[in-house]
Structure formats: C-alpha cells, structure tokens
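Chemist:
Right under this line is the structure:
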C-alpha cells in the first residue's frame with residue numbers, strides 16, 4: 001500500500017522568499033511521484049513529476065523537486081515566491097507497474113505575504 | 115485541444131435521491147479515473163477504467179456508488195440514495211496510459227455535489 005504525508009497543512013512565506021513544501025511517501029515498489037497545484041475554484045494542474053532518471057525535476061512556474069530515495073522524500077521548492085503562487089499543493093504517488101491510480105497527500109495551502 | 119470536461123459543475127440534491135455525474139475525457143485517452151475531494155477525507159481514488167479491461171472499483175466507498183464508461187469514452191458516476199456524507203467535489207481525470215509508463219493524468223474542473 002502507498003501513502004503520502006505532507007507536513008504542514010498551511011504554509012506562509014513572504015513574497016520573494018524561498019518556498020519549501022514537504023512530502024514524504026511510502027511505497028512497496030519504485031514510485032512515481034507528482035506535485036499538483038489547485039488554484040481557487042479550479043481543477044488540479046500538474047506541476048512536475050518524477051519517474052526515472054535524474055532525481056532533480058524541474059516543473060512549471062519555477063518549481064522543482066528532488067527525489068531522495070534514502071529519505072523517501074519529494075519536497076517541492078521555489079527560490080523566490082510570487083503572489084500568484086498562492087494555492088493548494090498536493091503531493092501524490094503511484095505505482096510504477098500496473099494501475100496508475102494516484103494516492104494523494106492531504107495538501108498544503110500556501111499563502112504569500114506581500 | 116479540449117481538456118477533460120465534467121457536468122454539471124454544481125449539483126444540489128436531497129438526501130435519498132440518486133445523482134449522475136458525467137465526465138468527458140480528452141479524446142484518445144484510454145484511461146479514466148474518478149476521485150473525490152472532501153474536507154474530511156482529502157483527495158481519494160474511487161474507480162479506474164483502462165481500455166476494455168474490467169475497471170478497478172477498489173476505491174468505491176459503498177455499493178451505492180457505481181460507474182460505467184460507454185464506448186471507451188464518456189463516463190458516468192452514479193450515486194444512489196445519496197447521503198450527506200457524499201457531499202464533496204467529484205473529480206475526473208484521463209490519461210493516455212501506456213501501462214507501465216507514467217502518463218500525466220489531466221483533471222477536469224470537478225462537480226461539486228451538495229446533499230441536503
């Protein structure tokens with residue numbers, strides 16, 4: 001069985017500051033890992049994903065995440081926060097074989113302070 | 115091209131009534147997923163269709179929930195005898211889904227269901 005833990009249901013950062021959203025996972029098989037963003041009253045949009053290969057993954061809007069197998073982590077970062085980054089962020093995992101259903105974390109709501 | 119569409123966008127119903135939620139996936143996508151997003155449970159998987167294979171229904175919370183996918187395209191999620199705890203946003207996603215790959219799931223805007 002898979003599970004995802006996102007530490008911090010709410011995170012606030014100042015505009016221009018570093019954004020760090022934490023995600024830890026458990027999986028019995030090599031995982032595929034995803035970060036999705038949900039803006040107010042909108043659907044989920046993929047930010048980035050890790051499948052195989054390079055462990056540092058770059059996504060849209062300046063976000064990136066690093067897969068660390070030894071720490072079972074896939075933290076999301078952005079060097080400089082922008083007001084438009086305010087949204088809810090979900091980390092998700094799927095198995096690398098067979099059914100690709102996503103198991104989501106509980107989400108982190110990011111607030112940007114002007 | 116067009117994304118995943120869902121209808122209705124909002125549905126208010128009375129406890130005990132049946133509801134049908136519709137999902138139109140991206141053309142050519144063989145995999146279709148239903149998820150539910152609620153305050154108490156977060157985002158949870160409900161059911162998965164892949165081509166002509168038997169669907170994975172392991173996430174359906176009770177036998178009041180069912181789904182079908184006709185012609186490998188449009189899908190309908192039906193909830194019978196709705197209960198207040200069924201209130202949630204129901205999300206549909208589709209992907210190209212070559213098995214063993216990691217194709218991105220594209221999500222629709224969701225249907226917000228409110229059971230009074």
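Residue numbers (the numbering used here), protein chains in the order written: chain A, 1 to 114; chain B, 115 to 230.
Built from N, CA and C at the ideal position, the CB exists for glycine as well.
For the ligand FMN, is there a heavy atom less than 6 Å away from the beta-carbon of residue 199(B)?
Modeler: Ligands displayed in this structure: none; no statement on the ligand FMN is therefore possible.
Chemist: Residue 106(A) touches chain B at which residues, Cβ-Cβ below 7 Å?
Modeler: In the first chain, counting from the first residue as 1, residue 106(A) sits at position 106. 156, listed in chain order.
Chemist: Take residue 113(A) as the anchor and find which of 36(A), 23(A), 84(A) has the nearest alpha-carbon.
Modeler: Mapped onto the first chain, residue 113(A) falls at position 113. Among 36(A), 23(A), 84(A), the Cα nearest to that of residue 113(A) is on 84(A).
Chemist: Any idea which residues DSSP pairs residue 163(B) with across the strands?
Modeler: Counting from 1 along the second chain, the entry for residue 163(B) is found at position 49. According to DSSP, residue 163(B) bridges with 146(B).
Chemist: Which runs of the beta strand (DSSP E), 3 residues or longer, sit entirely within the segment 8-93 of chain A?
Modeler: With a minimum length of 3 residues, the continuous beta strand (DSSP E) runs that stay inside the segment 8-93 of chain A are 10-14, 19-21, 24-26, 31-38, 44-50, 56-58, 64-68, 73-78.
Chemist: State the Cα-Cα distance for the pair residue 52(A) and residue 181(B), rounded to the nearest angstrom.
Modeler: Indexing the first chain from 1 puts residue 52(A) at position 52. Indexing the second chain from 1 puts residue 181(B) at position 67. Going from the Cα of residue 52(A) to the Cα of residue 181(B) covers about 33 Å.
Chemist: Which two residues bound the contiguous beta strand (DSSP E) that contains residue 125(B)?
Modeler: For the purposes of this step, residue 125(B) is taken as residue 11 along the second chain, with counting starting at 1. Residues 124-127.
Chemist: Taking only the alpha-carbon atoms, compute the straight-line gap between residue 203(B) and residue 124(B) and give it to the nearest angstrom.
Modeler: Looking up residue 203(B) in the second chain gives position 89. Looking up residue 124(B) in the second chain gives position 10. About 9 Å.
Chemist: Within the same chain, show all residues whose beta-carbon is closer than 6 Å to that of residue 210(B), passing over the 5 residues directly before and after it, in chain order.
Modeler: Numbered from 1 along the second chain, position 96 holds the residue referred to as residue 210(B). These residues qualify, in order along the chain: 143, 217.
Chemist: Do we get a CB-CB distance below 7 Å when we pair residue 77(B) with the residues of chain A?
Modeler: In the structure displayed, chain B extends from 115 to 230; residue 77(B) sits before or after that span and is not available.
Chemist: Rounded to the nearest angstrom, how far is the Cβ of residue 228(B) from that of residue 133(B), given a contact under 8 Å?
Modeler: Stepping through the second chain from its first residue, residue 228(B) is reached at position 114. Stepping through the second chain from its first residue, residue 133(B) is reached at position 19. Actually they do not touch by this definition, with Cβ atoms about 10 Å apart.
Chemist: Any C-beta of chain B sitting closer than 7 Å to the C-beta of residue 69(A)?
Modeler: Residue 69(A) sits at position 69 when you count from the first residue of the first chain. Cβ-Cβ to chain B under 7 Å: no for residue 69(A).
Chemist: Give a yes or no on whether the minimum CB-CB distance between residue 159(B) and chain A is below 7 Å.
Modeler: Translated into the one-based positions of the second chain, residue 159(B) becomes position 45. Judged by the 7 Å Cβ criterion, residue 159(B) is in contact with chain A.
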